[in-house]
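Working notes, beginning with the structure itself.
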Amino acid sequence: MLRLQPTTLFLLLLSSVTAPLSAHAETKVLTAEATYTMGDGESPSFAEAMVLQKAKQMALEQAGTYVESYTKVQNLNLTTEEIQTIAGGVLQVDVLEKTRTLVGDGLRFYVKIKATVTTDKMEELARRIKGKNMADEYKKLQGEYSRLTKEIETWKPLVVKTPHGPERERALEQIREREKTFAGIQKSEAAFFQRLVSGEALFSKALGQLSKKHNDKSIADALFQKIAEQGYLVEVGEPDIRAELKDPKDVEIRIPISLSVDEPTKRAVQETARALAGITTPTTYFDVKAKKVLHGLTVRIAEDREVNNHFLYRLVSLRLVIEFTQKSGDSERCALYQHLAFPFSPAQVRKDGQVSLLYGDEGWGYDLEAEHFNSGSWFLFVRSEPMTITVAMPMSLEEAKRVRAVRTRIVEGKQQMASCHVLGGATY
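In case it helps, my numbering puts the sequence shown at residues 1 to 428.
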C-alpha cells in the first residue's frame, strides 16, 4: 500500500477571498471517506479527482443539513437548491489521508477528508443567491457531475468485457473524452464559487479588465482556445464496413459521429460576449434541408467588428480529424472541412430577423477567408441539439482488417490530408 502525506485543499480557493472568522461565527466539522477504483483508460490524476469529488459530495450533503438548520433559525426562507449552493460556498476541505492500493488488476483510491462549515458568510451569501439564477447554475453543475459519473460507469464494464479491437478502443476513447469534460466542469465549478464568494462574476471581471487594456482579441483567443481544447463532445459510433460486389477487395468504412457542445463552454461563450459588449439571444431556427426546428444561441462575441470577425475566422478554421489506426501503428486519416457539421456555425441575421447560416455547399466552407466576414454583421449560432454525421473512408479490405481503433481530434488550420466523405449530411 502506498500511503501519501496528508495535504490541505481549500475548496474553491476560499482562503483568498474570505475574511477572518468573526468572534460569533459558529463552526461545524464533518468527515467523509470515499473510494474509487481506476479502470482502463483512466489516468491516476483523474481517479484521484473522482474519489475526492465523491468525498466532497458526501460532505456537501451533510453540510446542507447544517446550513438548512442555521438558515431556518435566521428566518432566511431558502429553497433546497439555494441551501446546497450556500453549503458549497462555505465548505472548507482538508485532505486528511489518501492511499492507493492494488486490488486484483485495478488500483483503488481512498481519501478521507475533514470538511469545515462556518456561519460567518451564510447570511451574506443568502442575500446574493436569493431570487437569482445562481442556485440553478450550481444545480446544473451538480447534474453534469452526476451524468458524467454514470456515463463513465457505463463504459468501464465494456472495456473489461470486450476483447481487444475497435469496440474496446471506442469505449476507451469515450472514457478519455469524459475525463476531459470532467476537468472542464471542475474549472467551471471553481469559477462559479469564486464569483459567489467574491460577490462578482470573477471570470467576467477578469475579462473586463483585459478589455480595458485593449486586449479584446486576447479575450476572444482565450475563448477560442477553450472551445478547441474542451468545447466539443465527440462520440464515435460502431464502425460499419461496406463492400461492393463488383470489387470486393475495396471497401468503405462508415463511422457515425455525434458532435455537441458542453454546458461549461456555452456559459463561457455568454460570459465572453458580455465582457466584450457583444450580444446573446436564444434562437429558434428552421433547417430547410433537415426539415427540423433547431434551438440554440445566436451570439455576437464582441461589439467591435474586427474582434468579432477575427474570432469567427479562427473558429471556422477548426477541423475534425478522424484517424483509423492500424495494428502496426500506422494510420489513415481524413479531415472534416465543412464547418456546418460542427455545433458552432457562423450566421448572419437578415433584416427580417431570421437567421441565415453559412452553408458549406455554397462555396464558403472549404476556403473561407477572413474578408468574408467584413461585408456584414456576422454572428455565431451555438446549437443546443447534438449533430450526427456518418463519415465514409475508402480503403482496401486488407487495410480495413488491420484497423485497431478510430480516434478523433480537433485541430486548427488547413491540414494537408484527404477530406472526409460525409454521407447524407448532418442529422439532429
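Even for Gly, the Cβ is constructed at its ideal location relative to N, Cα and C.
Bear in mind the structure is a predicted one, so any value in this text is a computation, not a measurement.
Residue j beta carbon less than 7 Å from that of residue i
i: valine 422; j: proline 343; result: no
i: glutamine 348; j: valine 403; result: no
i: alanine 32; j: alanine 59; result: yes
i: arginine 178; j: glycine 41; result: no
i: valine 307; j: aspartate 216; result: yes
i: glutamate 189; j: alanine 392; result: no
i: leucine 52; j: valine 111; result: yes
i: phenylalanine 324; j: valine 382; result: no
i: threonine 162; j: arginine 170; result: no
i: alanine 55; j: alanine 87; result: no
i: threonine 280; j: glutamine 270; result: yes
i: glutamate 229; j: leucine 318; result: no
i: proline 239; j: proline 166; result: yes
i: serine 322; j: threonine 390; result: The amino acid occupying residue 322 in the given sequence is isoleucine; serine does not appear at that position. No, they are not a contact pair.
i: alanine 126; j: leucine 76; result: yes
i: leucine 320; j: threonine 272; result: no
Pairwise C-alpha distance: residue j and residue i
i: isoleucine 410; j: lysine 226; result: 12 Å
i: aspartate 330; j: threonine 116; result: 53 Å
i: lysine 246; j: glutamate 385; result: 40 Å
i: glutamine 5; j: valine 95; result: A caution first: glutamine 5 carries a pLDDT of 38, below 50, which makes its placement in the model too unreliable to give a value.
i: lysine 212; j: leucine 141; result: Bear in mind that the predicted position of lysine 212 carries a pLDDT of just 47, short of 50, making it unreliable; the figure below should be weighed with that in mind. Spanning the two alpha carbons is a distance of roughly 30 Å.
i: serine 218; j: valine 299; result: 18 Å
i: methionine 50; j: aspartate 304; result: 41 Å
i: glutamine 194; j: glycine 89; result: 9 Å
i: phenylalanine 182; j: glutamate 332; result: 30 Å
i: tyrosine 138; j: leucine 397; result: 51 Å
i: valine 160; j: glutamine 174; result: 14 Å
i: methionine 417; j: alanine 302; result: 33 Å
i: histidine 295; j: proline 248; result: 43 Å
i: proline 264; j: valine 234; result: 15 Å
i: lysine 180; j: leucine 148; result: 11 Å
i: valine 104; j: serine 258; result: According to the sequence shown, residue 104 is glycine rather than valine. Each residue's alpha carbon lies about 35 Å from the other.
i: arginine 242; j: arginine 254; result: 8 Å
i: lysine 72; j: tyrosine 145; result: 28 Å
i: lysine 291; j: methionine 387; result: 14 Å
i: aspartate 250; j: histidine 164; result: 25 Å
i: lysine 187; j: isoleucine 113; result: 21 Å
i: alanine 268; j: valine 93; result: 27 Å
Nonlocal neighbours in the same chain, by C-beta distance under 8 Å from residue i, ignoring five residues either side
i: threonine 27; result: Leu21, Thr116, Val117, Thr118, Thr119
i: leucine 107; result: Thr37, Met38, Pro44, Ala47, Arg100, Thr101
i: glycine 363; result: Note that glycine 363 has pLDDT 29, beneath the 50 cutoff, so the model's placement of it is unreliable and the number below is only indicative. The answer is none, since no qualifying residue turns up.
The ligand FMN heavy atom lying under 6 Å from the CB of residue i
i: lysine 226; result: This structure lacks the ligand FMN, and indeed carries no ligand of any kind.
Residue i - containing beta strand (DSSP E), residue span
i: valine 29; result: 27-38
i: histidine 310; result: That residue, histidine 310, is in no beta strand (DSSP E); its alpha helix (DSSP H) goes 305-315.
i: alanine 335; result: 331-336
i: glutamine 243; result: Sequence check: residue 243 is alanine here, not glutamine. That run of the beta strand (DSSP E) goes 240-244.
i: proline 343; result: Note, proline 343: premise wrong, no beta strand (DSSP E); not H, not E.
i: glycine 143; result: It is not in any beta strand (DSSP E) - glycine 143 instead sits in the alpha helix (DSSP H) that spans 134-161.
i: arginine 319; result: 318-326
i: glutamate 412; result: 403-412
i: glutamate 235; result: 232-236
Residues sharing a beta bridge with residue i, DSSP
i: histidine 421; result: Ala392
i: serine 69; result: BP columns for serine 69 are empty, so no partner.
i: isoleucine 279; result: Arg300
i: phenylalanine 109; result: Tyr36, Arg100
i: methionine 50; result: Note: methionine 50 sits in no beta bridge, so no partner.
i: arginine 195; result: Bridge partners of arginine 195: none, in fact.
i: histidine 295; result: Thr284
i: methionine 387; result: Leu259
i: arginine 254; result: Asp240, Ala392
Other residues of its chain near residue i: CB distance less than 6 Å, five sequence neighbours each side excluded
i: alanine 135; result: Glu81, Glu82, Thr85, Ile129
i: lysine 156; result: Gly39
Residue i - containing alpha helix (DSSP H), residue span
i: alanine 222; result: 216-226
i: glutamine 264; result: It should be pointed out that residue 264 corresponds to proline in this sequence rather than to glutamine. Proline 264 -> alpha helix (DSSP H) spans 263-275.
i: leucine 380; result: Run containing leucine 380: none in the alpha helix (DSSP H); it sits in the beta strand (DSSP E), 378-383.
i: leucine 125; result: 122-129
CB contact check: residue i to chain B, cutoff 7 Å
i: proline 386; result: Included in the structure is just one protein chain, with no chain B present.
Contacting residues, own chain, Cβ-Cβ under 7 Å from residue i (five flanking each side not counted)
i: histidine 310; result: Lys217, Ala220
i: glutamate 151; result: Arg178
i: glutamate 68; result: Ile83
i: phenylalanine 192; result: Glu137, Tyr138, Leu141
i: tyrosine 66; result: Lys28, Val117
i: leucine 91; result: Leu11, Ala59, Leu60, Ala63, Ala115, Val117
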